[in-house]
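To keep things clear, I will list the structure first and then write my remarks on it.
Number of protein chains: 2
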Amino acid sequence: MTTRLARPQVLDPIGGADPCSTCEARALSVCNAVPDAEMTRLAAIAVITEVAAGQGFIDEGEPATFFFNITAGTAKLFKLLPDGRRQITGFVGPGHFLGLAVSDTYAFSAEAIEPVRFCRFQRSALRGLLDDFPLMEKRLLEAAANELVAAQEQMLLLGRKTARERLASFLLMQSRHGMPCGHARRQFKLPMTRSDIADYLGLTIETVSRTLTRLRGEGVIEILSQSELVIEDPVGLERLAGGLR
Amino acid sequence: MTTRLARPQVLDPIGGADPCSTCEARALSVCNAVPDAEMTRLAAIAVITEVAAGQGFIDEGEPATFFFNITAGTAKLFKLLPDGRRQITGFVGPGHFLGLAVSDTYAFSAEAIEPVRFCRFQRSALRGLLDDFPLMEKRLLEAAANELVAAQEQMLLLGRKTARERLASFLLMQSRHGMPCGHARRQFKLPMTRSDIADYLGLTIETVSRTLTRLRGEGVIEILSQSELVIEDPVGLERLAGGLR
DNA sequence: GCAAATCGTTGACCTAAATCAATGCGAGAC
DNA sequence: GTCTCGCATTGATTTAGGTCAACGATTTGC
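Line by line, the protein sequences give chains F and L. The opening residue of the first sequence carries number 28 in the working numbering; numbering runs sequentially from there. The opening residue of the second sequence carries number 28 in the working numbering; numbering runs sequentially from there.
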């Protein structure tokens, strides 16, 4: 069950300064489509909110009243079956928007895996914003197209790749996460648990654990701690991820 | 291998009449965002093309020069692994657009499963069109958001549902296909082969066949011919699709 | 109408990954 | 420090679905 002890923390803009113009996530997000001069208008309808790790902030099936823009931290998006089986459809970080759905209810749930900060807009207010800033709509369309490509790649992974190939693909994805296109880190932290990885890759925690152990045994990766690892053989991992042995 | 014997057939607008204003798919597609008065402009850059069943018309990895709008027939979209494993990411019919990708190469391949007719636009020309008709951009964004929701649902299916649940979900999807929201047919044709169904659901043809036979044995469906069937117990199928036994 | 090819079904057997069951380990609480 | 609790690993066993193989059924071409 989702931790629901604390309510999301709504923050006041620090010292009353326009929070959007100083937002570190602005360069990454659709908000950069709004010109500086109009930034106050954006700020007027944005509600900055913080949630603790483990806390949910979107519930599948609930009325989709808000549109979210992540500015810090990482969250997982997921869907549940009635018996509790879970599929994580993505991990999202700074710059990512949520709640675009045309439907009037959310199609997925969201929960912070690290402390998360986000801007929350009324979806009704967003509509006016998009009419006035067509560039913002372009950015949204671009982002949606990119997500669609990622979703198709994930379908290939879930439908046709072996456990080994799934883990290889996942580790490469994580090593590139937040890096400029074409770059990857050799060493990085995984902010999510084994259970989250399993639910993202359509596997069990045991299979994730065994597969990582095996990749370590083969010298492809090094496991520094539960959440930190090094890719020792990026080329080998790449071949594996693509389905070559 | 994809049939490549015939080249796509480029058609001349019949009798020189504006093909867009008489297009049967217009009501379903993003083109209805272009006002009647401007229809000739749309028609000027649209190239109407027809492809035979079994013929491919988009190749993953090729430069993404065109944007497509299906006007008749059904096509399958898919991704391949180097060893030939295939994942079908969707079946698309009239009104569906393809090739939105931000990347400069196609992220998937497309092949007709029934004779397909589509309009083809240069992506560069589309950009100008979107600038002039913001409503068209809105429609595209809406469509992309809907596809994203469908993609997440498919991830849940591929990652967490059993073969039985996958088939149940698939049959319900097909029974609703092209119907007004909230309606479904009890009897319908499946335009795709067992192999296509298997590659869409992340299964093998044998499992698809066995599972259908079993559903028939249980009186949930009736199989009229290889490609035509009846849903005898819509409620039971619904429960199954949702993961209840 | 028949041959050939393709597609679908069914059966026997196998295996990758799931399940069940301990055990190990590391981060906070005190 | 050490207790505890949640997370991770490892091992033994099971199973859903894959693989291999044979056989029907349907369509296509002549």
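All residues carry an ideal CB built from backbone N, CA and C; glycine is no exception. All of these numbers come straight from a predicted model, not from anything done at the bench.
Neighbour list for L/Glu273 in chain F, Cβ cutoff strictly below 8 Å: This structure leaves residue 273 of chain L out entirely; chain L is present only between 28 and 272.
Quick check: is the beta carbon of F/Met200 nearer than 8 Å to any beta carbon in chain L? Counted from its first residue, the first sequence places residue 200 of chain F at position 173. F/Met200 does not count as touching chain L.
Within its chain, find whatever has a CB closer than 7 Å to the CB of F/Gly42; leave out the 5 residues flanking it on each side and keep chain order. For this step, residue 42 of chain F is matched to residue 15 along the first sequence. Legend: pLDDT at F/Gly42 = 48, less than 50; position of this residue unreliable, value from coordinates given subsequently. So the list is empty, once near-sequence residues are dropped.
What are the partner residues of L/Asn96, as DSSP defines its beta bridges? Sequence index remark: in the second sequence, residue 96 of chain L carries index 69 (1-based). The partner list for L/Asn96 (beta bridge, DSSP) reads L/Phe124 and L/Cys146.
Name the one or two DSSP bridge partners that L/Val257 has. Along the second sequence, read from residue 1 onward, the residue named residue 257 of chain L stands at position 230. For L/Val257, which the question treats as bridged, DSSP gives the partners L/Gln214 and L/Glu249.
Have a look at L/Gln114, L/Gln253, L/Gly120 and L/Ile115 and flag the residue whose alpha-carbon is nearest the alpha-carbon of L/Phe95. For the purposes of this step, residue 95 of chain L is taken as residue 68 along the second sequence, with counting starting at 1. Nearest of L/Gln114, L/Gln253, L/Gly120 and L/Ile115 to L/Phe95, Cα basis: L/Gly120.
Contact with chain F by L/Val119, beta-carbon distance below 8 Å: Indexing the second sequence from 1 puts residue 119 of chain L at position 92. No, L/Val119 lies away from the interface with chain F (no Cβ there is under 8 Å from its Cβ).
Select from F/Leu55, F/Val78 and F/Thr234 the residue whose C-alpha is nearest the C-alpha of F/Arg147. Reading the first sequence from its first residue, position 120 is the one you call residue 147 of chain F. Checking every option, the nearest Cα to that of F/Arg147 belongs to F/Val78.
Reference L/Val247; option with closest CA among L/Val74, L/Ala195, L/Pro46 and L/Gly111: Your numbering for residue 247 of chain L matches position 220 in the second sequence. If we check each option's Cα against that of L/Val247, L/Ala195 comes out closest.
Say whether chain L places a C-beta atom closer than 8 Å to the C-beta of F/Val61. Reading the first sequence from its first residue, position 34 is the one you call residue 61 of chain F. Not closer than 8 Å to any Cβ of chain L, the Cβ of F/Val61 fails to qualify, so no.
From F/Cys58, F/Thr116 and F/Ala54, pick the residue whose C-alpha is nearest to that of F/Glu180; which is it? On the first sequence, residue 180 of chain F is found 153 positions in, with the first residue counted as 1. Ranking F/Cys58, F/Thr116 and F/Ala54 by Cα distance to F/Glu180 puts F/Thr116 first.
Quick one: using the 10 Å Cβ neighbour count with 16 as the cut-off for buried, is L/Met219 buried or exposed? Sequence index remark: in the second sequence, residue 219 of chain L carries index 192 (1-based). With a 10 Å radius around the Cβ and a threshold of 16 neighbouring Cβ atoms, L/Met219 comes out buried.
Report buried or exposed for L/Leu156, applying the criterion of at least 16 other Cβ atoms within 10 angstroms of its Cβ. Start at 1 with the first residue of the second sequence, and residue 156 of chain L comes out as number 129. With 16 or more other Cβ atoms within 10 Å, it is buried.
In chain L, what lies closer than 8 Å to F/Ser196 by C-beta? In the first sequence, counting from the first residue as 1, residue 196 of chain F sits at position 169. Here the premise fails: no neighbours, minimum Cβ distance about 11 Å.
Mapping the DSSP letters down to three states, classify L/Lys188 as helix, strand or coil. For the purposes of this step, residue 188 of chain L is identified with residue 161 of the second sequence, where counting begins at 1. Coil.
Hey, does L/Thr29 have any beta-carbon neighbour from chain F nearer than 8 Å? Taking the second sequence and counting its residues from 1, one reaches residue 29 of chain L at position 2. Bear in mind that a pLDDT of 40 at L/Thr29, under 50, signals an unreliable position, so the number given afterwards is only what the model happens to contain. Cβ-Cβ to chain F under 8 Å: no for L/Thr29.
For the alpha helix (DSSP H) holding L/Leu228, just list the boundary residues, first then last. Your numbering for residue 228 of chain L matches position 201 in the second sequence. Where L/Leu228 is concerned, the enclosing alpha helix (DSSP H) stretches over Arg221 to Leu228.
Interface partners of L/Gln181 on chain F, CB under 7 Å: Translated into positions along the second sequence, residue 181 of chain L becomes position 154. The contacting residues are Met182.
Taking beta-carbon pairs under 8 Å, can you tell me which members of the stretch 105 to 132 of chain F lie near chain L? Lys106, Leu108, Pro109, Asp110, Arg112, Arg113, Gln114, Thr116, Leu127, Ala128, Val129 and Ser130
Cα-Cα separation, F/Cys47 to F/Thr67: Position 20 of the first sequence, counted from the first residue, corresponds to residue 47 of chain F. Position 40 of the first sequence, counted from the first residue, corresponds to residue 67 of chain F. Distance between the alpha carbons of F/Cys47 and F/Thr67 is about 8 Å.
Going by Cα to Cα distance, which pick from L/Glu245, L/Leu153 and L/Thr240 is closest to L/Ala71? The residue given as residue 71 of chain L occupies position 44 in the second sequence. Answer by Cα proximity: L/Leu153.
Beta carbon proximity, F/Asn173 to chain L, threshold 8 Å: One-based indexing of the first sequence puts residue 173 of chain F at position 146. Interface with chain L (8 Å Cβ-Cβ cutoff): F/Asn173 is included.
For L/Leu104, which three-state DSSP category applies? Indexing the second sequence from 1 puts residue 104 of chain L at position 77. Correct three-state label for L/Leu104: strand.
Segment contact flag, the stretch 256 to 269 of chain L with the stretch 197 to 213 of chain L, C-beta cutoff 8 Å, min 3 pairs: yes
On the three-pair Cβ rule with 8 Å, is the stretch 97 to 115 of chain L touching the stretch 183 to 190 of chain F? yes
Test: F/Phe94 CB closer than 8 Å to a CB of chain L: On the first sequence, residue 94 of chain F is found 67 positions in, with the first residue counted as 1. By this cut-off, F/Phe94 is not an interface position.
Counting only beta-carbon atoms, is L/Ala16 nearer than 8 Å to chain F? Missing from the structure shown is residue 16 of chain L; chain L here goes from 28 to 272 and no further.
Excluding the 5 residues flanking F/Glu164 on each side, which residues of the same chain have their C-beta closer than 6 Å to its C-beta? In the first sequence, the residue the question calls residue 164 of chain F occupies position 137. Leu157, listed in sequence order.
Spatial neighbours of F/Glu51 within its chain, please: CB distance less than 8 Å, with the 5 preceding and 5 following residues excluded, ordered by chain position. For this step, residue 51 of chain F is matched to residue 24 along the first sequence. Result list for F/Glu51: Thr98, Ala99 and Pro121, in chain order.
Segment limits, alpha helix (DSSP H) that includes F/Val234: For this step, residue 234 of chain F is matched to residue 207 along the first sequence. In the sequence under discussion, the amino acid at residue 234 of chain F is Thr, which differs from the Val named in the question. Counting along the chain, the alpha helix (DSSP H) containing F/Thr234 begins and ends at Ile232 to Gly244.
Report all residues from its chain with a CB closer than 6 Å to the CB of L/Gly88; omit the five preceding and five following residues, and keep chain order. Position 61 of the second sequence holds residue 88 of chain L. Closer than 6 Å at the Cβ level, and outside the excluded window around L/Gly88, lie Thr132.
At what residues does the beta strand (DSSP E) containing F/Arg113 begin and finish? Residue numbering aside, residue 113 of chain F sits at position 86 when the first sequence is read from its first letter. First-last of the beta strand (DSSP E) with F/Arg113: Arg113 to Val119.
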